[in-house]
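With my numbering, the residue at position 162 of the sequence shown is 235, and numbering never jumps.
Backbone N, C-alpha and C fix where the C-beta goes; we use that ideal spot for every residue, glycine too.
All remarks here apply to the structure that follows.
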Amino acid sequence: MLLPRLGFLNLGYNNFSGRIPTSIGNLGSLEALILRKNKLYGKLPASLRNCRILGFADFSFNKLSGEVPSWIGEDLPHLYALILKANRFYGSLPIEICHLSNLHFLDLSMNRISGTVPTCFGNFTAMIRKGKEVVEHIYESRHPVLQSPSEYSYTYFDDVLARWKGQEYEYGSNFAYLKMIDLSTNNLTGEIPIGITRLLELKGLNLSGNRFYGEVPVEIGELKMLESLDLSTNKFSGEIPSSMSGLNFLAFLNLSNNNFSGKIPSGTQLQGFNTSMYDGNTELCGKPLTNICPVDEPIDNIGPSSSEYEVDEDSSEYKRWLCIGGVLGFSTSFWGIIGTLVLNQRWRHAYYLSLYKLKERFYVAIAVHIGKLQRKV
């Protein structure tokens with residue numbers, strides 16, 4: 074290739090096959106390389122390390138293989154977008170990739186990458202700094218081969234295919250706003266490294282379709298700018314960190330097909346997602362799920378409610394006063410009559426006389442009745 078001043082090369086969406094030629098390393102002025110959606114195979118040529126000002130590299134949707142080269146992190150310090158999506162890369166991620174301090178978009182999804190995520194992922198300082206480093210990364214080519222008859226130069230804008238909030242989108246001039254890590258659909262394992270939770274300006278994190286395990290670190294709540302989080306189809310366990318309820322910009326969340334347990338933290342964000350985003354976690358409970366947490370269950374079946382206790386107490390109090398009233402009434406009536414007879418002699422004699430007459434009448438009535446029965450016999 075005899076284009077030493079070439080700054081932008083886009084050969085995407087063709088049917089190119091074969092290996093990437095080593096002569097591509099002669100393009101020392103190359104700032105953007107797009108080979109997306111071809112039929113290229115083999116390893117990335119080591120000669121690419123000579124393109125030291127390369128900032129945008131998109132090799133997605135090919136059949137490239139081998140390990141992710143360590144020289145990417147060693148010799149391409151200006152790289153801000155690395156896209157190796159949908160290839161056949163395998164092996165562990167090199168620690169050297171953490172040297173890419175300008176990186177704000179990393180897509181290694183849909184490969185066969187294994188091992189753990191390096192803890193040094195927190196070194197991507199472009200994902201920590203506020204604001205955007207590049208709004209529209211413009212490449213102007215003045216090489217005669219690329220000149221247009223009507224224009225002196227072409228102006229290009231970065232564009233990228235990204236899985237964002239569960240959907241595939243194509244980003245153009247607004248790509249620079251997107252700070253994202255996508256490691257989905259690989260064979261990665263281990264726990265989420267704490268370093269990722271230091272990327273305070275990260276807007277999208279996709280770790281779905283791997284073999285990650287353990288608890289989600291509580292520090293994930295520090296990612297206040299996070300808008301999309303996909304941890305689905307892994308082996309995460311434990312409770313969902315309560316700190317996630319403070320992710321106010323979170324518009325997409327997928328925690329399905331894991332081993333999460335306990336109550337979903339209270340917060341307008343987490344309760345607002347579709348229940349399918351929690352599917353496959355049988356031990357999860359609380360809104361928006363219909364599975365009620367044990368601590369939230371009504372206590373009606375466990376024992377009498379407070380209202381029942383109040384009714385019982387009122388009933389017992391009523392009976393107690395009823396008994397007291399009956400005793401007092403009987404005592405008052407009894408002693409009122411007896412006291413009057415004891416104190417008033419005239420009333421006492423009259424009372425005894427009436428009792429005597431009543432007894433005599435009763436005796437006569439019985440005697441007459443017995444006499445009638447004897448005559449009949």
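Any idea what DSSP makes of I365, helix, strand or coil?
-> Residue state, collapsed to three classes: coil.
According to DSSP, is K189 helix, strand or coil?
-> Reading off the sequence shown, one finds Thr at residue 189, where the question assumed Lys. Secondary structure of T189 (DSSP, three-state): strand.
Give the DSSP bridge partners of S310, in chain order.
-> N332.
So which of L176, F194 and K158 has the shortest CA-CA distance to I186?
-> When only C-alpha atoms are compared, the closest one is K158.
Under the three-state DSSP convention, the category R161 falls into | Look at R161 here: in three-state DSSP terms it is strand.
Between S301 and L280, what straight-line distance do the alpha-carbon atoms span, to the nearest angstrom?
-> Distance between the alpha carbons of S301 and L280: 11 Å.
Can you name the start and end residues of the beta strand (DSSP E) that E356 belongs to?
-> Secondary structure note for E356: its beta strand (DSSP E) is the uninterrupted segment E356 to C358.
How would you write the range of the alpha helix (DSSP H) that I145 sits in, first residue to last?
-> Taken as a continuous stretch (DSSP letters only), the alpha helix (DSSP H) holding I145 covers W144 to D148.
Are L275 and M298 close, meaning C-beta to C-beta below 9 Å?
-> One thing to note: L275 has its Cβ within 9 Å of the Cβ of M298.
Is I107 helix, strand or coil by DSSP?
-> I107: strand per DSSP, three-state reduction.
Distance between I107 and Y86 (C-alpha atoms, nearest Å) = Those two C-alpha atoms are separated by around 9 Å.
Nearest to L117 by CA position, among N283, Y250 and W144, is which residue?
-> Checking every option, the nearest Cα to that of L117 belongs to W144.
Taking the alpha-carbon positions, what's the F178 to I201 distance?
-> Those two C-alpha atoms are separated by around 12 Å.
Name the one or two DSSP bridge partners that A154 has.
-> DSSP lists F129 and F178 as partners of A154.
Other residues of its chain near C366: CB distance less than 6 Å, five sequence neighbours each side excluded = Taking C-beta separations shorter than 6 Å and ignoring five residues to either side along the sequence, the partners of C366 in its chain run K336, C358 and G359, following chain order.
Report, in whole angstroms, the separation of the C-beta atoms of L152 and A130, which I expect to be a contact under 8 Å.
-> Contact between L152 and A130 is confirmed by a C-beta separation of about 6 Å, below the 8 Å threshold.
With N184 and N259 assumed to form a contact (beta carbons below 8 Å), what rounded beta-carbon distance in angstroms separates them?
-> Right, their Cβ atoms sit about 6 Å apart.
Of the residues Y351, S182 and C124, which one's Cα is nearest the Cα of S96?
-> Taking S96 as reference, the option from Y351, S182 and C124 with the minimal CA-CA separation is C124.
Under a three-way DSSP split, which group does Y86 fall into?
-> Three-state result, Y86: coil.
Within the same chain, show all residues whose beta-carbon is closer than 7 Å to that of V291, passing over the 5 residues directly before and after it, in chain order.
-> Only P314 and S316 meet the Cβ criterion.
Consult DSSP for S301 and reduce its assignment to one of helix, strand or coil.
-> It is a strand residue.
In whole angstroms, what separates the C-alpha of F132 from that of D180?
-> Note on geometry: alpha-carbon atoms of F132 and D180 lie some 10 Å from one another.
Alpha carbon to alpha carbon, what distance is there between N111 and R161?
-> For R161 and N111, the distance between alpha carbons rounds to 14 Å.
Got a sec, what are the start and stop residues for the beta strand (DSSP E) N327 sits in?
-> From DSSP, the beta strand (DSSP E) with N327 extends over F325 to N327.
Inter-residue Cα distance where the pair is F81 and A105 = Cα to Cα, the separation comes out at about 5 Å.
Start and end residues, beta strand (DSSP E) containing Y286 = Y286: member of the beta strand (DSSP E) spanning R284 to G287, first to last residue.
From S102 to L155, what distance separates their C-alpha atoms?
-> Here the alpha carbon of S102 sits roughly 18 Å from the alpha carbon of L155.
Going along the chain, which residues of its own chain have a beta-carbon closer than 7 Å to the beta-carbon of I168, five neighbours each way excluded?
-> Hits under 7 Å: P191 and C193.
Return yes when the Cβ of L296 is within less than 9 Å of the Cβ of L261, no when it is not.
-> Taking 9 Å as the Cβ cut-off, L261 and L296 do not qualify as a contacting pair.
From which residue to which residue does the beta strand (DSSP E) around K112 run?
-> Boundaries of the beta strand (DSSP E) harbouring K112: K112 to G115, taken from the DSSP string.
Simplified DSSP state of L272, which is helix, strand or coil = The three-state reading of DSSP puts L272 in coil, since its state is none of H, G, I, E or B.
Can you give me the start and stop residues for the beta strand (DSSP E) that L79 sits inside?
-> L79 -> no beta strand (DSSP E), and no H or E assigned at all.
Coarse secondary structure for E383, derived from DSSP in three states = Model confidence at E383 stands at a pLDDT of 46, short of 50, so the residue's coordinates are unreliable; what they give is reported in the following sentence. In the three-state DSSP reduction, E383 falls in the helix class (H, G or I).
So who's on the other strand from G91, going by DSSP bridges?
-> Answer by DSSP bridge pairing, in chain order: L113.
Go ahead and pull the three-state DSSP assignment for E258.
-> Per the sequence shown, residue 258 should be read as Thr rather than Glu. Coil at T258, not helix or strand.
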